[in-house]
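**Q**
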Amino acid sequence: MNSIVQFFKKQSFNRLLVLLGVIILLFLMKGMLNLILMTFVFIYFINRCENILTNFLERKNIRINSKIKIILIFIFFVATIVFIMVDFLPLIIEQTKQIVEEINGLYVSGSSSAIIKYFQKIIDNAYESIFSAQGLNYITTSITYISKFGVDFILSLILTLFFLLGKDTVIRFTLRMKQSKMYPLYKEVEFFGVKFLSSFGKVIEVQVIIALVNGIISTIFLSIIGFPNLLGFGIMIMILGLIPVAGVMISLVPLSLVAFNFGGFVYVAYVFIMIIIVHAFESYVLNPKLMASKTKLPVFYTFVVLIISEHFAGVWGLLFGIPLFIFVLEVFEVPMDTQ
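Per the working numbering, the sequence shown runs over residues 1013 to 1351.
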């Protein structure tokens, strides 16, 4: 009996309960996960940029109020997003529209070619699916989701700004819990929070460097073949590069759309070659070198974690899957091979 009581008093058991509680809470709040995760990513990213800027200015003996730095970084961050929406999205929409028009042209051409007839059959099936009750319901659901995502995005930006401007006050208020009856719970949540931020930071900092290198290499290659809107595509590749391994593959879709309209299948082949080169460089040069000082996962584990996390959490799983996996390894004190 005493052994059972001692087991329930163990710190490891308490931590397990707290971790299960956090998981259950997140599950109950799954409708707000977009808002929570976007806010977390924005806060982490802008706060990290502010720390880097502060260190740089201090080396130059320049002192600027932290709130001014945060506002400037925030404005730059929002301006970048607006630029992508204004400069890049209309191009993708236009290219997609042109491809649809070309497909419709094939459909009404009346050609007796077996290939054309095959494509006509595919188009017929696609139209039937789109205009069926299930297809219309899917379109309605998608529009609702996009609208909600847009609202969550704006709210997350507002919450990020409020948090960072009042960061010191928020930290002081949170630390008061150490003097309250909530301290046992606070201590365990703090333990998991520090572990997760550590694992998230390790992966994201390395991935940011990889994303920047991928973006620069891809932009240079696209400029050589005469691609339009280089800055917009470069930023897109950098942002998607934050998703380990899979980000480069995802960028293939919009790049292929534009390449096909710009130069046909030859340019699509160029884009495929570029993606293969960039992916190989990321997987076999950048990742092993940069992750060695932080943490190193075999490529097989990386893909398995990404596949599973994408299945359960969609796009967010691609971003948070690897940090969460490393977080679990650190909680269970699994030795990481960095040789």
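Think of the CB as a built atom: it goes at the ideal place given N, C-alpha and C, for glycine as much as any other residue.
#1: Taking only the alpha-carbon atoms, compute the straight-line gap between Asn1077 and Ile1183 and give it to the nearest angstrom.
#2: What's the gap between the Cα of Leu1242 and the Cα of Ile1222?
#3: Less than 8 Å between the CB atoms is what I'm expecting for Ile1085 and Glu1070, so what's the real figure, rounded?
#4: On the three-state DSSP scale, how would you describe Phe1095?
#5: Mapping the DSSP letters down to three states, classify Met1041 as helix, strand or coil.
#6: Starting from Val1283 and walking both ways along the alpha helix (DSSP H), at which residues does that stretch end?
#7: Are the CB atoms of Phe1165 and Met1050 within a distance shorter than 8 Å?
#8: Assign Leu1331 to one of two classes, buried (16 or more other C-beta atoms within 10 Å of its C-beta) or exposed (fewer than that).
#9: Who are the Cβ neighbours of Tyr1198 in its own chain at under 6 Å, not counting the five residues just before and after it?
#10: Only counting the same chain, and skipping five residues up and downstream in sequence, which positions put a Cβ closer than 8 Å to that of Val1283?
#11: Check Arg1184 in the structure and name its three-state DSSP category.
#12: Which value, in whole angstroms, describes the spacing of the CA atoms of Thr1092 and Gly1333?
#13: How is the alpha helix (DSSP H) around Pro1196 delimited, first residue to last?
#14: With DSSP collapsed to three states, give me the class of Glu1345.
#15: Just the Cα atoms here: how many angstroms apart are Leu1032 and Leu1336?
#16: Does the structure place the stretch 1273-1280 close enough to the stretch 1192-1212 that three or more beta carbon pairs sit under 8 Å?
#17: Find the nearest neighbour of Met1097 within the set Phe1339, Gly1244 and Asn1067, judged by alpha-carbon distance.
#18: Going by alpha carbons, who is nearest to Lys1160 out of Val1278, Gly1043 and Leu1029?
#19: Here's a check: name, in chain order, each residue in its chain whose Cβ is nearer than 7 Å to the Cβ of Phe1054, leaving out the five neighbours to either side.
#20: With a Cβ-Cβ cutoff of 8 Å, do Thr1231 and Gly1246 count as a contact?
#21: Less than 8 Å between the C-beta atoms of Ile1058 and Ile1074, yes or no?
#22: Under 8 Å between the Cβ atoms of Val1201 and Val1343?
#23: Just to confirm, are Ile1338 and Val1215 a CB contact at a threshold of 8 Å?
#24: Measuring only the C-alpha atoms, how far is Thr1066 from Thr1153?
**A** Taking the definition as stated:
#1: 18 Å
#2: 19 Å
#3: Wrong, their Cβ atoms sit about 16 Å apart, outside the cutoff.
#4: helix
#5: coil
#6: Leu1264 to Phe1293
#7: yes
#8: buried
#9: Met1189
#10: Leu1264, Leu1267, Ser1268 and Ala1271
#11: helix
#12: 26 Å
#13: Tyr1195 to Ile1236
#14: coil
#15: 14 Å
#16: no
#17: Gly1244
#18: Gly1043
#19: Ser1168, Leu1169 and Thr1172
#20: yes
#21: no
#22: no
#23: yes
#24: 44 Å
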